[in-house]
Amino acid sequence: MISEKMKVALNEQLNAELFSSYLYLSMSAYFDDINLKGMAAWMKMQSAEEYGHAMKFFDFIIRVGQRVTLKQIENPQLNWDAPQAAFEAALQHEKSITKKINDLTDLAISEKDHATNTFLHWFVDEVEEESTVADIVENFKLIGDSKGGLFMLDKELGKRVFAQK
Ligand SMILES: [Fe+2]
Ligand SMILES: [Fe+2]
Numbered sequence: 014m015i016s017e018k019m020k021v022a023l024n025e026q027l028n029a030e031l032f033s034s035y036l037y038l039s040m041s042a043y044f045d046d047i048n049l050k051g052m053a054a055w056m057k058m059q060s061a062e063e064y065g066h067a068m069k070f071f072d073f074i075i076r077v078g079q080r081v082t083l084k085q086i087e088n089p090q091l092n093w094d095a096p097q098a099a100f101e102a103a104l105q106h107e108k109s110i111t112k113k114i115n116d117l118t119d120l121a122i123s124e125k126d127h128a129t130n131t132f133l134h135w136f137v138d139e140v141e142e143e144s145t146v147a148d149i150v151e152n153f154k155l156i157g158d159s160k161g162g163l164f165m166l167d168k169e170l171g172k173r174v175f176a177q178k
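Numbering (this note's numbering), first residue to last: 14 to 178.
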């Protein structure tokens, strides 16, 4: 049985995942605007993955017999100072989402809510997302001000293929 408190928390996480999707879509538009098409494609795919996360919460809330309540999605930032700054913001955002998932898991454990706890395992295992973004930030640090490096990284990120799990 899912508690009222857990229902509210799950709906909040659904909103947070939708905001993640929105934020990365905004980053995609930013990259497109500055002609970094590979990064734009990467972010658009990241946005689609986050939408997929949101749908996992959507489906789970319904599966446990609760009501999905959609709320307003926060405005995403529209511009960043530099490509690296956008990926750094993405990393910070991923860290904040990881914390939210951990807090949700703590709540599920304290409420002895096994169904939610098991459902959340998939997200706890999703830490690879954070390390992927951290690696890209490291790549930016390596290339520094090199235009050629930026061009290569853009090409590299453009090769990402979508894999919805
Ligand atoms: Fe997510
Ligand atoms: Fe994420």
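Note that CB positions come from ideal geometry on N, CA and C, so glycine has one too.
| task | May I ask you to report which of helix, strand or coil DSSP gives I74? | result | Secondary structure of I74 (DSSP, three-state): helix.
| So, do the region 70-78 and the region 20-28 have three or more beta carbon pairs nearer to each other than 8 Å? | Yes: the two stretches touch, three or more of their Cβ pairs being nearer than 8 Å.
| said: Cutting at 6 Å between CB atoms, please list the residues of its own chain near I149, excluding the five before and the five after it. | reply: Only F100 meet the Cβ criterion.
| Closest by C-alpha distance to K108, when choosing among A176, F136 and D46 | Closest option to K108, judged by alpha-carbon separation, among A176, F136 and D46: F136.
| message | As a quick check of your reading: which residues have a C-beta less than 6 Å from at least one non-hydrogen atom of ligand 2, in chain order? | response | With the cut-off at 6 Å, the residues found are S33, E63, E107, I110 and E142.
| said: Cutting at 7 Å between CB atoms, please list the residues of its own chain near M58, excluding the five before and the five after it. | reply: Sequence-distant Cβ neighbours of M58 in its own chain, meaning closer than 7 Å and more than five residues away, are R173 and F175.
| request: Please confirm whether any heavy atom of ligand 4 lies closer than 8 Å to the CB of Q79. | output: You won't find ligand 4 in this model; what it holds is ligand 1 and ligand 2.
| query | According to the Cβ coordinates, are F44 and F132 closer than 9 Å? | reply | Result no, Cβ atoms of F44 and F132 do not sit closer than 9 Å.
| Per-residue burial, V146 [other beta carbons within 10 Å of its own, 16 or more giving buried] | Classification of V146: buried, given that the 10 Å Cβ count is 16 or more.
| said: At 3 residues or longer, what runs of the beta strand (DSSP E) sit wholly inside the region 126-150? | reply: Runs of the beta strand (DSSP E) lying entirely within the region 126-150, each at least 3 residues long, are absent.
| Nearest candidate by alpha-carbon position, reference Y37, set K18, N88 and S123 | Nearest option by C-alpha distance: N88.
| task | Taking the CB atoms as reference points, tell me whether P96 and M52 lie closer together than 9 Å. | result | Closer than 9 Å, so yes.
| query | I think F32 touches I86, with their Cβ atoms under 8 Å apart; what is that distance to the nearest whole Å? | reply | That belief holds up - the Cβ atoms of F32 and I86 are roughly 5 Å apart, short of 8 Å.
| ligand 1 heavy atoms versus the CB of H134: any closer than 8 Å? | Here the distance from the Cβ of H134 to the nearest heavy atom of ligand 1 is not below 8 Å.
| message | Taking only three categories from DSSP, how would you classify A67? | response | Residue state, collapsed to three classes: helix.
| said: By the DSSP assignment, the alpha helix (DSSP H) with K160 in it spans what residues? | reply: K160 -> alpha helix (DSSP H) spans K160 to L170.
| C-beta atoms of E63 and S34 nearer than 9 Å | Against a cut-off of 9 Å, the Cβ pair of S34 and E63 comes out as a contact.
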